[in-house]
Amino acid sequence: MLIPGDVLDGRYRLDEQIAAGGMGAVWRATDTVLARIVAVKVLLSSLHGDPGFGQRFRAEARTLASLHHPGVIEIYDYGESDVDGRGHRAYLVMPFLDAEPLSDRIASGPLDPAQTISIVAQAAAALHAAHQAGVVHRDVKPANLLIEPDGRVLLVDFGIARAATDLSLTATGQVVGTALYMAPEQITQRDATPSIDIYALGAVAYHCLAGQPPFDGTTALAIAMLHLDGAPQPLPYSVPAGLRELVATAMAKDPADRYRTAAEMADAARAISTRRVATTAAMDGRPIAAAAAVQPHMLRRDTPTALTGRHTQPHPSFISRHRVGSSLAGIALVLGAAAGVMAFADPTGLGPGPGPSGTAAATTAVPTSVRASRTRATATASAKPSISPTRSAAPPSQAPTSSAPQPSEDPPSPTAEAGATGEPQSTQDATG
Numbered sequence: 001m002l003i004p005g006d007v008l009d010g011r012y013r014l015d016e017q018i019a020a021g022g023m024g025a026v027w028r029a030t031d032t033v034l035a036r037i038v039a040v041k042v043l044l045s046s047l048h049g050d051p052g053f054g055q056r057f058r059a060e061a062r063t064l065a066s067l068h069h070p071g072v073i074e075i076y077d078y079g080e081s082d083v084d085g086r087g088h089r090a091y092l093v094m095p096f097l098d099a100e101p102l103s104d105r106i107a108s109g110p111l112d113p114a115q116t117i118s119i120v121a122q123a124a125a126a127l128h129a130a131h132q133a134g135v136v137h138r139d140v141k142p143a144n145l146l147i148e149p150d151g152r153v154l155l156v157d158f159g160i161a162r163a164a165t166d167l168s169l170t171a172t173g174q175v176v177g178t179a180l181y182m183a184p185e186q187i188t189q190r191d192a193t194p195s196i197d198i199y200a201l202g203a204v205a206y207h208c209l210a211g212q213p214p215f216d217g218t219t220a221l222a223i224a225m226l227h228l229d230g231a232p233q234p235l236p237y238s239v240p241a242g243l244r245e246l247v248a249t250a251m252a253k254d255p256a257d258r259y260r261t262a263a264e265m266a267d268a269a270r271a272i273s274t275r276r277v278a279t280t281a282a283m284d285g286r287p288i289a290a291a292a293a294v295q296p297h298m299l300r301r302d303t304p305t306a307l308t309g310r311h312t313q314p315h316p317s318f319i320s321r322h323r324v325g326s327s328l329a330g331i332a333l334v335l336g337a338a339a340g341v342m343a344f345a346d347p348t349g350l351g352p353g354p355g356p357s358g359t360a361a362a363t364t365a366v367p368t369s370v371r372a373s374r375t376r377a378t379a380t381a382s383a384k385p386s387i388s389p390t391r392s393a394a395p396p397s398q399a400p401t402s403s404a405p406q407p408s409e410d411p412p413s414p415t416a417e418a419g420a421t422g423e424p425q426s427t428q429d430a431t432g
C-alpha cells in the first residue's frame, strides 16, 4: 500500500491521494526534478500481477502519448517502480489540473443549453482527434469530461480505450464501459467503432439537459436492455429544437442513423450555437451574422426528432430496425455478460470506485488531478427517468398528429431558450 511520502523512481513524491477507481489511484505528487506539481495515476497493487490489467495500463499510456489535441489530457511520463521493496507499481504522470468533472457539475441539476452545446462541441472535437488516430474511447461519461475554470473541456481516462482493429484486450463475454451511456452495439459486443463514442456523448448531452441519464434502472443489465430497445423520455420544452435533434441523432439505435463522425457532431453543436446567437441578436435589434445559417448536414435527415416533448411516441431512430434488444440473440449476448456485467464499469458512471481496494465492478480511475467526487446513487426502481417538461403538454385530444417540429416552436423565446437552472456549485472533485 502506498502512503504519502513514497517516491517513485527517485523522482515523483506522492503527497496526497485524490481519487481512486477500478484500475488505479490518482495522487497529487511533486516532480522533484522539475520542481512542479503533477498528477500520478498508480495501478492498484491488487492488479499489478494481472497481465491483462498491466497491458491495459501500458496501452493507456501509449494511447495518451499518441494523441495531440487541446481537448485530450497530456501525458508526461510512464514508469514501473519498486517502492521500498513493496513490489513494482506501474504509473502514469500527467498535469495537475484545476478542473471539475462534469459529473459534479450536473449532480444538482441540469445545465442550460448554452453550456451543454459548448461541452458537446469540445468533447466531440477531442473524440474526433482520438478516432483519427485509430482510438475508440469506449467509456465516454460525465466523470471522464473535465471542465476547467475558463470553460475548456478535457477528455480523460483512456484506460479501456482500444484501437478499432485491436480485439486482444477484451476477453470473450466481457462488456467494457458504463451502462448509463453505452451504445446498443457495445452491449451486444459488436466491434467497437467510433460510433459508440458518438452515442455515449449524445447520452451525456441528454443527461446535461434533463438532469438525469436517458435510462435508469436498479441494475446495469436493466439499463443496458433499455439502451437496446427503449426510448428516452422527451427533453424539456426549454431545450431548443436543434439541440433536441442533435441528441436524437447521436443516440439513434442504428449506428448508420447517427452522425457519421464526431467532427460532424461537433459542427452540428457549433451550428446550433451560431443560430442561438443570431436569434438573440435579431430579438435585440442587432445585425444577424451570416454565419447563423444552418449547416447542410443538419438538414439532411427528414425524420422528426424524438426528443421534442410534443409527443411520447418513440422516434424510429430510437428503435432498432432489427429490434436487437428483442431478439433472442441480443438478449443472450447481454445475459451472457451479466455474470460480470460491465466488468470495468461503475453502472452509474457518476462516482468514484470503492477506493483503493479496486473491485472488479468499479470504473477505471480518471487520470485527473482534481479531488475525488462524491458518489451519487442514481439507480432507481423506475426503468426510465421521469422528466417533466417546463410547460404543460397538449392534452391527448389536442396532440398534433404529426411528430415533425412545429414552426411556431422554433425558435423559442430567449427565456425559454435559456432553460437554465443555475449552475451547480463547483467542487474540486474527480471520479474513478
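With the first letter of the sequence shown counted as 1, position 158 gets the number 158 in full-length UniProt numbering; the numbers rise by one all the way through.
All C-beta atoms in this analysis are idealised placements derived from N, C-alpha and C, irrespective of residue type, glycine included.
Item, Value
"On a Cα-Cα basis, can you pick out the residue from Pro51, Val135 and Ala222 that is closest to residue 441?", "Absent from the model: residue 441. The displayed extent of the chain is 1 to 432, so no value can be given."
"Assign Val33 to one of two classes, buried (16 or more other C-beta atoms within 10 Å of its C-beta) or exposed (fewer than that).", "exposed"
"Could you please give the first and the last residue of the uninterrupted beta strand (DSSP E) stretch that includes Tyr12?", "Tyr12 to Ala20"
"Can you tell me whether Asp229 sits near the ligand FAD, meaning its C-beta is under 7 Å from at least one heavy atom of the ligand?", "This structure simply doesn't include the ligand FAD, nor any ligand for that matter."
"Could you tell me the alpha carbon to alpha carbon distance between Ser402 and Glu245, rounded to whole angstroms?", "Here the model assigns Ser402 a pLDDT of 41, short of 50, so the residue's position is not dependable and the matter cannot be decided."
"Just the Cα atoms here: how many angstroms apart are Thr63 and Val7?", "25 Å"
"So Ala25 and Asp15 are supposed to be a Cβ contact under 8 Å. How far apart are they, rounded?", "Going by Cβ atoms, the distance from Ala25 to Asp15 rounds to 13 Å, so no, they are not a contact pair."
"Can the beta-carbon of Pro213 be found closer than 8 Å to that of Leu180?", "yes"
"Using the Cα positions of Val40 and Arg11, report the straight-line distance between them to the nearest angstrom.", "12 Å"
"Once DSSP output is grouped into helix, strand and coil, what is the label at Arg260?", "coil"
"Residues in its own chain within less than 6 Å of Ser81 by CB, not counting five upstream and five downstream?", "Leu8, Asp9 and Arg89"
"With three or more beta-carbon pairs closer than 8 Å as the criterion, would you say the segment 258-273 touches the segment 120-130?", "yes"
"Helix, strand or coil for Thr30? Go by DSSP, reduced to three states.", "strand"
"Rounded to whole angstroms, what is the Cα-Cα separation between Val83 and Asp77?", "17 Å"
"Which whole-angstrom value is the C-beta distance of Ala130 and Leu67, which I expect to be below 8 Å?", "6 Å"
"I need the boundaries of the alpha helix (DSSP H) containing Val247, first residue and last residue.", "Ala241 to Ala250"
"Between the Cα of Phe158 and those of Arg13, Ala35 and Arg56, spot the shortest distance and give me the residue it belongs to.", "Arg56"
"Would you tell me roughly how many angstroms separate the C-alpha atoms of Pro199 and Arg86, rounded to the nearest one?", "For the sequence presented, residue 199 should be read as Tyr rather than Pro. Straight-line Cα distance between these residues: approximately 43 Å."
"On a CA-only basis, which of Phe53, Ala183, Trp27 and Glu100 is nearest Phe215? Give me that one, please.", "Ala183"
"In this structure, does DSSP put Ile106 in helix, strand or coil?", "coil"
"What is the residue span of the beta strand (DSSP E) that Val42 lies within?", "Arg36 to Leu43"
"Excluding the 5 residues preceding and the 5 following Asp31 in the sequence, name in chain order all residues of the same chain whose CB lies nearer than 7 Å to its CB.", "Arg11, Tyr12 and Val38"
"May I ask you to report which of helix, strand or coil DSSP gives Gln425?", "For Gln425, the predicted structure reports a pLDDT of 41, less than 50, and the residue's modelled location is therefore unreliable. The matter cannot be settled from this model."
"Using only CA atoms, which one of Pro149, Arg138 and Pro234 lies nearest to Gln189?", "Arg138"
"Which residues does DSSP list as the beta-bridge partners of Arg89?", "Ser81"
"Can you give the Cα-Cα distance for Leu154 and His227, rounded to whole angstroms?", "26 Å"
"Would you mind sorting Ser195 into buried or exposed? The rule is 16 or more other CB atoms within 10 Å of its CB.", "buried"
"Taking Cβ positions, are Ile75 and Met94 nearer each other than 8 Å?", "yes"
"Within 10 Å of its beta-carbon, does Ala35 have 16 or more other beta-carbons around it, so buried, or fewer, so exposed?", "exposed"
"Once you ignore the five residues that flank Trp27 on each side, which residues in its own chain have a CB closer than 6 Å to its CB?", "Leu14, Gln17 and Val40"
"Go ahead and label Glu148 buried or exposed: buried means 16 or more other beta carbons lie within 10 angstroms of its beta carbon, across all protein chains shown.", "exposed"
"What three-state label does DSSP hand Met265 in the structure shown?", "helix"
"Label Asp98 either buried or exposed according to how many other C-beta atoms from any shown protein chain fall within 10 Å of its C-beta, with 16 as the threshold for buried.", "exposed"
"Please list, in chain order, all residues of the same chain as Gly211 whose beta carbon is under 6 Å from its beta carbon, the five residues on each side excluded.", "Gly109 and Pro110"
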